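Student: Sequential numbering from 18 applies to the sequence shown in the numbering used here.
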Amino acid sequence: MNDLVKLLTPIKEAVNSFERRLIVLAGEEGENMAIQLIKEYCFLKGKDSKINALYVGDNFEEDSSSFKRFIKFKNLVEEIDGLNLQNIAFKDSLNVLGLTFDLL
18 MNDLVKLLTP
28 IKEAVNSFER
38 RLIVLAGEEG
48 ENMAIQLIKE
58 YCFLKGKDSK
68 INALYVGDNF
78 EEDSSSFKRF
88 IKFKNLVEEI
98 DGLNLQNIAF
108 KDSLNVLGLT
118 FDLL
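1. Looking at Asn76: is its Cβ nearer than 7 Å to the Cβ of Phe87?
2. Rounded to the nearest angstrom, what separates Leu100 and Phe118 at their Cα positions?
3. With 16 as the cutoff for other CB atoms within 10 Å, does Val22 come out buried or exposed?
4. Would Pro27 and Arg38 qualify as a contact pair, given that the criterion is a beta-carbon distance under 7 Å?
5. Entirely within the region 75-116 and at least 3 residues each: give me those beta strand (DSSP E) ranges in chain order.
6. Is DSSP giving Val73 helix, strand or coil here?
7. Would you kindly check if the distance between the Cβ of Ile52 and the Cβ of Cys59 is under 7 Å?
8. Pick from Ser34, Leu42, Leu102, Lys29: whose alpha carbon is nearest that of Phe90?
9. By alpha-carbon positions, which one of Gly47, Leu61, Asn49 ends up nearest to Ser34?
10. How would you write the range of the alpha helix (DSSP H) that Val22 sits in, first residue to last?
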């Protein structure tokens, strides 16, 4: 939890300054920390804000590990109001060039 508290500062700074921040999470707690950070980001943006998020993976064929991780992640963030989560495979990333996402 201490690591999560440390990461909240750059999230708050980014929201208040309209700048971007890159936060890389890894390890067993990475997914849980990501969920908490997304919730905090959405809270700071306000309940009427629409947050566009993009989840990128190797491929999203039904039996792939990327697809399974995405479905698990999607189920965890479904309860967050205002969050619009899209997914795309790396090979199709040209399709989103020029688009703006709040979270990647």
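Don't be surprised by glycine CBs; every beta carbon is placed ideally from N, CA and C. Owing to the predicted nature of the structure, the values given are computational and were not obtained by experimental measurement.
Tutor: So, from the listed chains and residues:
1. no
2. Taking the straight line joining both Cα atoms gives about 11 Å.
3. exposed
4. yes
5. 100-106
6. strand
7. no
8. Leu102
9. Closest option to Ser34, Cα to Cα, is Leu61.
10. 19-34
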